[in-house]
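Going by the working numbering, the letters in the sequence shown line up with residues 1016 to 1199, in that order. We put the beta carbon where it would ideally sit given N, CA and C, even for glycine. Model, not experiment: these values are computed from the prediction. Accompanying notes for the structure given below.
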Amino acid sequence: MAIKATIFKATLQVADMDRHYYAEHALTLARHPSETDERMMVRLLAFALYAGDALAFGKGMSSDDEPDLWQKDLTGAIKHWIEAGLPDERVIRKASGRAGRVTIICYGRSAGIWWNENRDKLQRLNNLTVIRLPMETTLALAALASRTMQLQCTIQEGHIMVTSAAGMTEIGLEVLQGGFRQAA
1016 MAIKATIFKA TLQVADMDRH YYAEHALTLA RHPSETDERM MVRLLAFALY AGDALAFGKG
1076 MSSDDEPDLW QKDLTGAIKH WIEAGLPDER VIRKASGRAG RVTIICYGRS AGIWWNENRD
1136 KLQRLNNLTV IRLPMETTLA LAALASRTMQ LQCTIQEGHI MVTSAAGMTE IGLEVLQGGF
1196 RQAA
């Protein structure tokens, strides 16, 4: 018998002063059996960073044809493809051809090694942004995870803070390629 996904409910309030975006989102996250709290919270952070009415969670780990998050236009064309983790370079190239914009949020011990191995191939992709999150940031995010979450994400002048009843963490990130949240 297959292990089923664990369902998490999150109420996410986003106050993004850089983009003048203020909204509350009631989200249901299905955590894949092989997914960690750390990865799930990185996906949730990605939602907060790029939040909008058309942004939705994809199948992510369950499918090679769908990202962790994506934004489509009214015709079904993919405007923004967002992946968390260390995806294969071929998957990124394929996504770059399918979407107007691609963002990779890499994290973990191997993120630096992954970037060094893939940098030359990925730098040819003009619509790609690569962001690295330090391990202390993702571990602090994982500590905020619970089956029902009330989170607030504040973004101002590139500074990001996520708070909940479990605590608060400032998000440090490093842009390795492209521009952080560049225009679509």
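C-beta atoms of residue i and residue j nearer than 9 Å
i            : j            : result
residue 994  : residue 1184 : Here the chain has residues from 1016 to 1199 only, and residue 994 is not among them.
residue 1146 : residue 1119 : yes
residue 1149 : residue 1104 : no
residue 1072 : residue 1161 : no
Own chain partners of residue i with C-beta closer than 6 Å, once the 5 adjacent residues on each side are dropped
i            : result
residue 1127 : none
residue 1095 : 1086 and 1116
residue 1175 : 1186
residue 1155 : 1184
Selected residue, minimal CA-CA separation from residue i, among the options
i            : options                   : result
residue 1020 : 1148, 1066, 1049 and 1117 : 1049
residue 1092 : 1047, 1114 and 1178       : 1114
residue 1040 : 1062, 1047 and 1083       : 1062
residue 1141 : 1192, 1044 and 1060       : 1192
residue 1157 : 1138, 1052, 1081 and 1018 : 1052
residue 1099 : 1136, 1030, 1084 and 1065 : 1084
residue 1200 : 1038, 1154 and 1090       : As displayed, the chain neither begins before 1016 nor continues past 1199, which places residue 1200 out of reach and without an answer.
residue 1057 : 1035, 1097, 1028 and 1081 : 1097
residue 1074 : 1046, 1138 and 1064       : 1046
Proximal residues to residue i (C-beta, below 8 Å), its chain only, five neighbours per side dropped
i            : result
residue 1109 : none
residue 1033 : 1170, 1171, 1172, 1173 and 1196
residue 1198 : Note that residue 1198 scores a pLDDT of 48, beneath 50, so its modelled location is shaky and nothing firm can be said.
residue 1018 : 1048
Beta-carbon contacts of residue i that lie in its chain and below 7 Å, excluding the five residues immediately before and after
i            : result
residue 1129 : 1101 and 1121
residue 1025 : 1042, 1044, 1059, 1164 and 1166
residue 1133 : 1104
residue 1179 : 1159, 1164, 1165 and 1166
residue 1088 : 1094
residue 1124 : 1150
residue 1068 : none
residue 1054 : 1099 and 1100
residue 1182 : 1158 and 1159
For residue i, the residue or residues it bridges with in DSSP
i            : result
residue 1035 : Answer is none; residue 1035 lacks a bridge partner.
residue 1174 : 1171
residue 1046 : 1021
residue 1029 : 1038 and 1168
residue 1190 : 1146
residue 1071 : 1085
Ignoring anything shorter than 4 residues or poking outside the stretch 1090 to 1148, list the alpha helix (DSSP H) runs there in chain order. With a minimum length of 4 residues, the continuous alpha helix (DSSP H) runs that stay inside the stretch 1090 to 1148 are 1104 to 1113 and 1126 to 1137.
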